[in-house]
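When the letters of the sequence shown are read in order and numbered with the working numbering, they come out as residues 19 to 241. Backbone N, C-alpha and C fix where the C-beta goes; we use that ideal spot for every residue, glycine too. All values reported here derive from a predicted model rather than from experimental measurement. A short worksheet on the structure shown next.
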Amino acid sequence: MKTSHSESVNQQIVLKPKIASRRAIAPIVGTLLLVAIAVVGGSLVFSFSQESFASSQVSGTPQIEFLKIVGYDARDTEKLNLHDGDEILSKNCCGVANGKKNYDERIAIYLQNHSVLPVTISELMFAGDKYSFVQVNKIGKWDKIGVGHQPHPGEYIIIKGHDVGKKYIIGQDNSPVIQPGEVVTILLDLGINIGVNNDAQIKIKTTGGNTFASTIIVGQGLL
């Protein structure tokens, strides 16, 4: 019995260091495994992201839209300016009515497309009112379309510039499209009377789902 008890004690004495040793090693092994898993996982994520980035560069199409209002002419005058500095003559129907309230007031807003793709306007709002795009061949025909009402408040046209002899270049698209890098004048026929020196927000939504907004001061111009 003594021998057996001694052997049992010896075994216990011998086993305790092994258990303690294993317990001491276990956290180290676990840590190394976690590090190894993290490294492998990180490599996989990095490889996947690199592959996705490369494939998007090769096959993806840029969808970023960037419209910027580069100026405006909201002066209370008969002759507004286009974005290229040319005057819109009042005889072509597109001046402001020289101080008369509620009478064919119009403003010109200069818009540039900084995107690499054409941008189409889906909705245009000014001072809380929604405006409709009108496609015309000549500015002078703006007041001649429709039935029995002049002018057409709540509408806008897009002017791309002017040619020799003050022939204005009007966009021929059936929708308000602005080409990459292009600067245009958006000519608004105001639906409401807005007092001079009041702020008014213009908000533009595109068919790409983006919204661009800016504020102008009625009665002033930023050329």
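Looking at the structure shown, is residue 218 part of a helix, part of a strand, or coil, going by DSSP? The sequence position of residue 218 within the sequence shown is 200, counting from 1. Residue 218: strand per DSSP, three-state reduction.
Under the three-state DSSP convention, the category residue 153 falls into: For the purposes of this step, residue 153 is taken as residue 135 along the sequence shown, with counting starting at 1. Residue 153 falls in the coil class under three-state DSSP.
State the CB to CB distance for the pair residue 124 and residue 205, rounded to an integer number of angstroms; the pair is presumed to be in contact (CB under 8 Å). Locating residue 124 in the sequence shown gives position 106, where the first residue counts as 1. Locating residue 205 in the sequence shown gives position 187, where the first residue counts as 1. Indeed they touch by this definition, with Cβ atoms about 6 Å apart.
Along the chain, where does the beta strand (DSSP E) containing residue 86 start, and where does it finish? In the sequence shown, the residue the question calls residue 86 occupies position 68. Its beta strand (DSSP E) spans residues 85-91.
Chain-order list of residues whose beta-carbon lies under 6 Å from that of residue 240 (same chain, five-residue window excluded): Here residue 240 refers to the residue found at position 222 of the sequence shown. Excluding positions up to five away in sequence, the list reads 89 and 90.
Looking only at C-alpha atoms, which of 174, 144, 129 and 222 sits nearest to residue 150? Taking the sequence shown and counting its residues from 1, the one referred to as residue 150 is at position 132. Closest option to residue 150, Cα to Cα, is 174.
Length at least 3, wholly inside the region 184-217: the beta strand (DSSP E) runs in chain order: 185-188 and 201-207
Residue 98 in three-state terms, based on DSSP: Within the sequence shown, numbered from 1, the residue matching residue 98 stands at position 80. Residue state, collapsed to three classes: strand.
With residue 137 as the anchor, note down where its beta strand (DSSP E) starts and where it stops. Indexing the sequence shown from 1 puts residue 137 at position 119. Note, residue 137: beta strand (DSSP E), 137-144.
Quick check: the Cα distance between residue 141 and residue 98, rounded to an integer number of angstroms? For the purposes of this step, residue 141 is identified with residue 123 of the sequence shown, where counting begins at 1. For the purposes of this step, residue 98 is identified with residue 80 of the sequence shown, where counting begins at 1. Answer to the nearest angstrom: the Cα atoms are 24 Å apart.
Beta-carbon proximity list for residue 181, same chain, < 7 Å, skipping 5 on both sides: Working through the sequence shown from its first residue, we reach residue 181 at position 163. Here the set comprises 187.
Is it right to say residue 217 is buried, meaning 16 or more other beta carbons lie within 10 angstroms of its own, or is it exposed? On the sequence shown, position 199 is the one that residue 217 refers to. Exposed, because fewer than 16 other Cβ atoms sit within 10 Å of the Cβ of residue 217.
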